[in-house]
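Working notes, structure below.
There are 2 protein chains.
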Amino acid sequence: MSLLTVGTVAFDSIETPYGKADRVVGGACTYISLAASYFTNDINLVSVVGDDFPDSELKYMKKRGINLDGLDIKEGEKSFFWAGKYHDNMNKRDTLATELNVLADFNPKLPASYKNSKYLMLGNLTPEIQMKVIKQMKKRPKLIVLDTMNFWMDIAMPALKKVIKKVDVLTINDEEARQLSGEYSLVKAAKVIHKMGPKYLIIKKGEHGALLFQGEKMFYAPALPLAEVFDPTGAGDTFAGGFIGYIAKTGNTSFENMKRAVIYGSAMASFCVEEFSIGKLKKLNARTINSRVKKFSSLVNFKLD
Amino acid sequence: MSLLTVGTVAFDSIETPYGKADRVVGGACTYISLAASYFTNDINLVSVVGDDFPDSELKYMKKRGINLDGLDIKEGEKSFFWAGKYHDNMNKRDTLATELNVLADFNPKLPASYKNSKYLMLGNLTPEIQMKVIKQMKKRPKLIVLDTMNFWMDIAMPALKKVIKKVDVLTINDEEARQLSGEYSLVKAAKVIHKMGPKYLIIKKGEHGALLFQGEKMFYAPALPLAEVFDPTGAGDTFAGGFIGYIAKTGNTSFENMKRAVIYGSAMASFCVEEFSIGKLKKLNARTINSRVKKFSSLVNFKLD
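Here you go:
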């Protein structure tokens, strides 16, 4: 079923202990849409790029079923650019450069055909832009998922809380859950955040997996321990894309199915980190994905006697 | 089946954001033995205390099936004492005082009846003492588990490596696995540590759960997300006690059964942190433990479609 994805389509320059990648394809919406495209081919993308964004990459996205009618290509302007360097343990990174470029005055306009999309995935962006997208929908989507980060909590908490109130699923990391709720315990944080609006909360813990909360219900998905994490950029977005893609494919928003969606999201994220940029995300198929998901199953599965 | 437990029986003074506890019962062997006593009542304890250790606590341990023939009670001397203060997030702590007292010249002597124990749990102590215990065994136990910490890696790595070579299961935390192996990735660390001797490796990650490795096999047990962690002291020892207690009860060292043992250990640790000292460990029974284990099952269990 139709999925609307919103977020950045951009360039990244990345340095990790394993090497460097200069001005490679990145952006939350790129990762989200590509990950989701392995589950559904009815994807409506909303974003903005400059005329420097490679046509070949756009063609590839179209080939994977991603509708680019909502991609604003600004002539004579440059795409959003981020540069960062990861520390040895990959858990911390320094931002070396952020050039907003086309993003500075991004004002998303949804094509008419997008306005009835059944699922909405709002990638990390200013809360105001996320709100603008929600307001343009003709019908309230069956499920709205919002990803955000500490940066918006620091500088735009009131606007962020307004948009959080309107969504069904919030995805943030553990530190952000603590910042947003003022509670250190994630169990207590979830209770506070539920009261802010979202019925579901997904707390991403990087190499330690992810927690899904719905009221008193709780589900813990591990991250797959990997011999090598090559580049963590985009892992959270890829997780979100796999999650919402699986929901859109199955059309089922029960807690049981959300658990599976979290596992599929985790599996997609485990691929993402194996290569720079979207390198690995271009090489997958249903077989490799299902085989990875089975690894998750055997990793945590146990039988009581 | 008979289980030999070795380690400290001691006093702790603890400060956490929830309160203070002054000179309460602690020590690795106390936590290990009490946790194990919920699974087997054939436990042989080896440790040393001063004459300041309360008789009532020793009586309680005996009542729980813990044989104290191997507990050396030194007249006119004081028990080992540790004082520590936890930071707000409970993941870091400062040691405020360490008084070795009777531990300074502890030379464990195994009563004859201990020397055929089928399972051996070596709690955190100097590697030399751990080795002395192994050498006194008449028959090689079916399974030897060793717990240690970064302190011994810093000051006694050669002796530690010698004793690690002789054990089947090593339990350490993630930072210690990295220090011991020189590898950041836990998957790579496990491979290096397997080559040092232990067929099994358990990496404890505190609030993020535990990983069990055996060659290419890997199992991930979550920690139960709790609303309140009251006092983390002894959680790792309680985990080890629950683990080896379950193995001793079932007499089964297959990987499938070790998975269950890791879950039982995690369940016992989740109780331990709910009160100061051994407070909560005194209040359990088979029903409360099984109900907690079921929570772990529903926390991670998912069905693929």
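Here the protein sequences line up with chains A and B, keeping their order. For my numbering, count along the first sequence from 1 and bump the result up by 55. For my numbering, count along the second sequence from 1 and bump the result up by 55. Even for Gly, the Cβ is constructed at its ideal location relative to N, Cα and C.
Query: Any C-beta of chain B sitting closer than 7 Å to the C-beta of A:LEU155?; Result: no
Query: Please report how far the alpha carbon of B:LYS170 lies from the alpha carbon of B:VAL188, in whole angstroms.; Result: 9 Å
Query: For the candidate residues A:PHE285, A:ASP292 and A:ASP106, whose alpha-carbon lies nearest to that of A:VAL61?; Result: A:ASP292
Query: What is the DSSP secondary structure of B:ASP360, counted as helix, strand or coil?; Result: coil
Query: Can you tell me where the alpha helix (DSSP H) with A:GLU311 in it begins and where it stops?; Result: 310 to 327
Query: So, is A:ASN99 buried or exposed, given that buried needs 16 or more other C-beta atoms within 10 angstroms?; Result: buried
Query: Who are the Cβ neighbours of A:ALA211 in its own chain at under 6 Å, not counting the five residues just before and after it?; Result: PRO182
Query: Look at the alpha carbon of A:GLY74 and the alpha carbon of A:GLU283, and state the distance between them as a whole number of angstroms.; Result: 13 Å
Query: Can you tell me the Cβ-Cβ gap for A:VAL317 and A:PHE298, rounded? I've got them flagged as a contact below 8 Å.; Result: 6 Å
Query: Please confirm whether B:ILE318 has its beta-carbon closer than 7 Å to some beta-carbon of chain A.; Result: yes
Query: Within its chain, find whatever has a CB closer than 8 Å to the CB of A:SER217; leave out the 5 residues flanking it on each side and keep chain order.; Result: Note on residue identity: the sequence assigns Lys, not Ser, to residue 217 of chain A. Once the five neighbours on either side are set aside, the close Cβ partners of A:LYS217 are PRO182 and MET186.
Query: What in chain A is Cβ-close to B:ASN144, meaning under 8 Å?; Result: TYR239
Query: With a 10 Å radius around its C-beta and 16 neighbouring C-beta atoms as the bar for buried, classify B:PHE206 as buried or exposed.; Result: exposed
Query: Here's a check: name, in chain order, each residue in its chain whose Cβ is nearer than 8 Å to the Cβ of B:LYS129, leaving out the five neighbours to either side.; Result: VAL103, VAL104, GLY105, ASP106 and VAL157
Query: From which residue to which residue does the alpha helix (DSSP H) around B:ASN345 run?; Result: 341 to 355
Query: Would you identify the three-state DSSP class for A:ALA159, choosing helix, strand or coil?; Result: helix
Query: Kindly indicate which three-state DSSP category B:ILE333 falls into: helix, strand or coil?; Result: coil
Query: For B:GLY74, write down the residues that DSSP places opposite it in a beta bridge.; Result: B:THR71
Query: Under 8 Å by Cβ, that's how I've got B:TYR174 and B:ILE302 pegged, so tell me the actual separation to the nearest angstrom.; Result: 6 Å
Query: Can you check the segment 257 to 305 of chain B for any alpha helix (DSSP H) of at least 4 residues that lies completely inside it and give the ranges in chain order?; Result: 290 to 305
Query: Does the beta-carbon of B:ASP286 have 16 or more other beta-carbons within 10 angstroms, so that it is buried, or is it exposed?; Result: buried
Query: Helix, strand or coil: which one does DSSP assign to A:THR181?; Result: coil
Query: Since B:GLU283 meets chain A, which of its residues come closer than 9 Å, beta carbon to beta carbon?; Result: SER240, VAL242 and LYS243
Query: Run down chain B in chain order and give the residues with a C-beta less than 8 Å from the C-beta of A:ARG315.; Result: PHE357, LYS358, LEU359 and ASP360
Query: From the DSSP secondary-structure annotation, give me the bridge partner or partners of A:TYR255.; Result: A:VAL224 and A:GLN269
Query: Measuring CB to CB, does B:LEU89 end up less than 7 Å from B:ILE333?; Result: yes
Query: Taking one C-beta from the segment 148 to 163 of chain A and one from the segment 262 to 270 of chain A each time, how about it: are there three or more such pairs within less than 8 Å?; Result: no
Query: Please classify B:GLU231 as buried or exposed, where buried requires at least 16 other C-beta atoms within 10 Å of its C-beta.; Result: buried
Query: Along the chain, where does the alpha helix (DSSP H) that runs through B:ASN122 open and close?; Result: Taken as a continuous stretch (DSSP letters only), B:ASN122 belongs to no alpha helix (DSSP H), being part of the beta strand (DSSP E) at 121 to 129.
Query: Quick one: give me the first and last residue of the beta strand (DSSP E) that B:ASP209 is part of.; Result: Counting along the chain, B:ASP209 falls outside any beta strand (DSSP E), though it belongs to the alpha helix (DSSP H) covering 205 to 210.
Query: Taking the straight line between their C-alpha atoms, what separation do you get for B:LEU126 and B:LYS193?; Result: 19 Å
Query: Taking the alpha carbon of A:PHE135 as the point to measure from, which residue in A:LYS314, A:LEU225 and A:GLY82 has its own alpha carbon closest?; Result: A:GLY82
Query: Could you check the C-alpha separation between A:LYS114 and A:LEU123 for me, to the nearest Å?; Result: 9 Å
Query: Let me check understanding here. Comparing Cα to Cα, which of A:VAL355, A:ARG347, A:THR63 and A:ALA295 lies closest to A:PHE108?; Result: A:THR63
Query: Using the Cβ count rule (16 or more neighbours within 10 Å means buried), how would you classify A:SER309?; Result: exposed
Query: Say whether chain B places a C-beta atom closer than 7 Å to the C-beta of A:LEU354.; Result: yes
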